[in-house]
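What follows is a short report on a single structure.
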Amino acid sequence: MIQTFQLPYFDPSTGNYGQGWRDMYCVAAFSIALTAMWAISVTWIFEPLARRMGLPPGKARRFAEQTWLCIYYSSMWTLGMYLWRRSRYWTSMRELWATFPTKQLGGGLKFYLLTSLAFWFHQIIVVNVEKKRNDYPLYMAHHIATAVMMSSAYVYSAHELVHLVSNLMEAADVFLCIAKICRYVDWRTSGNIALGTFATVWLISRHIVYVRVCWILFQDIPTIKPYGCYSGINGQLSKDDVVVSWSRLGRPFIDSASLICIVPLVKWAFLSMMLVFEAMSIVWFKMIVQTVTRAFVNGYSDDVRSDEDEAEESVEMK
């Protein structure tokens, strides 16, 4: 059981980790652990705390859920920033392709990637357990698309790209959770500050830096990383004539030792998924601007993505 939670494929000769099928078991174990931690912390710790603070049942539940998310996002964003600060692509995003597509990666980065992937599978479960949000279809589509993109990018050994994108997404989520928590406990000034910070961080991380990452992917392949089939062991371009077919492109999902082929179809597949995320972010940013505008005009604003049970409570309390 303990081995299930240990990072597999450690290479003592390099001090790094490889990747393979056992990573799937590790992700499943992490996802189950996150779901258990969510259930325990929400039901037995944060929700009773909220009830002691005088919050009604619906708000107490949402307070507990957002507190759990705040702890997760804060922890993972801090770890992600630590790894990014120590990476080669901290000063130059073109270094994203320095080791791509080798299957060797550091223990800290592997833990971050597998935990992040496990979190999105965990969230798919949680979103369907919780009461439905007003934007449930968009929210569910985002979670599924995120899990698919992260899994595919991990299989294709785009570790640094997944790390950077995940870290950018987590930055704004921290302040969104704080803003919601402040809203539930009616800390209006703190909530407005958190909301403004959230909107600012969202704009910078998801509509400036993230778009820059998309541009780097578009520009640098094949300029810096030529098209071809690469060894997952050392990242070297194969000198053999390899026939690139659909079966060849899908082989890394079956055989972790197979060549990884970077062709226009693969480039545009990943770039298209990233642009879909950007389109979703634009839709959400419109909601954010509406919320911030109401807060500026009225002094305080409810979340435009508020939940139906909260709306019902507010009607009953009037």
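Under my numbering, the first residue of the sequence shown carries the number 31, and numbering increases by one thereafter.
Yeah, the Cβ is synthetic: ideal placement off N, Cα and C, and Gly gets one too.
Computed from a predicted model, the values in this text were never measured in an experiment.
Spatial neighbours of residue i within its chain, please: C-beta separation below 8 Å, excluding the five flanking residues on both sides.
i, result
"Trp114", "Trp120, His193, Leu194 and Asn197"
"Arg124", "Ile246, Asp250 and Ile254"
"Cys244", "Leu301, Met304, Leu305 and Glu308"
"Thr65", "His152, Ile155 and Val156"
"Thr44", "Gln134"
"Val178", "Met303"
"Arg375", "In this structure the chain extends from 31 to 348, so residue 375 is not present and cannot be described."
Identify whether residue i lies in helix, strand or coil by the three-state DSSP scheme.
i, result
"Pro264", "Here residue 264 is Asn; the residue named in the question, Pro, does not match the sequence. Three-state DSSP puts Asn264 in coil, outside helix and strand."
"Asp41", "strand"
"Arg116", "coil"
"Gln153", "helix"
"Ser187", "coil"
"Met83", "coil"
"Val57", "helix"
"Lys297", "helix"
"Ser277", "helix"
"Lys210", "helix"
"Ser181", "helix"
"Ile349", "With the chain running from 31 to 348 in the structure shown, residue 349 is simply not present."
"Thr129", "coil"
"Trp217", "coil"
"Ser311", "helix"
"Asp270", "coil"
"Ser235", "helix"
"Ser122", "coil"
"Gln320", "helix"
"Gln36", "coil"
"Ile254", "coil"
"Ser344", "With a pLDDT of 37 at Ser344, under the threshold of 50, the modelled position of that residue is not reliable, and the figure given next carries that caveat. In this structure, Ser344 counts as helix in the three-state DSSP scheme."
"Gly88", "helix"
"Gly329", "coil"
Between which residues of its own chain and residue i is the CB-CB distance below 7 Å, once the five residues before and five after are set aside?
i, result
"Trp217", "none"
"Cys207", "Gln96, Leu99, Cys100 and Tyr103"
"Ala201", "Trp107, Val231 and Ser235"
"Met170", "Val157"
"Leu37", "Tyr47, Cys56, Gly137, Lys140 and Phe141"
"Trp314", "none"
"Arg116", "none"
"Met111", "Asn197"
"Phe205", "Ala224, Thr227, Phe228 and Val231"
Less than 6 Å between C-beta atoms, sequence neighbours within five positions excluded: which residues of the same chain meet that for residue i?
i, result
"Asn328", "none"
"Leu247", "Leu301"
"Met310", "His172"
"Cys212", "Ser220, Gly221 and Ala224"
"Asp203", "Tyr103"
"Met347", "In this predicted model, Met347 has a pLDDT of only 32, less than 50, meaning its place in the structure is not dependable; the value taken from the coordinates is given anyway. Here the set comprises nothing."
Apply the 10 Å Cβ neighbour rule to residue i and answer buried if 16 or more other Cβ atoms are within range, or exposed otherwise.
i, result
"Phe76", "buried"
"Met83", "exposed"
"Trp107", "buried"
"Phe326", "exposed"
"Phe40", "exposed"
"Phe283", "exposed"
"Leu191", "buried"
"Leu289", "buried"
"Leu135", "buried"
"Gln49", "buried"
"Asp53", "buried"
"Leu139", "buried"
"Lys269", "exposed"
"Val72", "buried"
"Arg118", "exposed"
"Ser122", "exposed"
"Leu126", "buried"
"Trp51", "exposed"
"Val185", "buried"
"Ser105", "exposed"
"Ala69", "exposed"
"Thr323", "exposed"
"Ala188", "buried"
"Leu144", "buried"
"Ala209", "buried"
"Leu147", "buried"
What residues are listed by DSSP as bridge partners for residue i?
i, result
"Leu135", "Tyr47"
"Cys291", "Cys259"
Is there a C-beta anywhere in chain D that falls below 8 Å from the one on residue i?
i, result
"Thr227", "Looking at the structure shown, chain D is missing, and only one protein chain is on hand."
Three Cβ pairs or more, each shorter than 8 Å: is that satisfied between the segment 260-279 and the segment 129-140? Output reads yes: the segment 129-140 touches the segment 260-279.
Can we say the segment 290-297 touches the segment 268-282, given the rule of at least three CB pairs closer than 8 Å? Yes: the two stretches touch, three or more of their Cβ pairs being nearer than 8 Å.
Count Cβ pairs between the segment 305-323 and the segment 220-233 that sit closer than 8 Å; are there 3 or more? Touching, yes, given that three or more Cβ pairs across the two stretches are closer than 8 Å.
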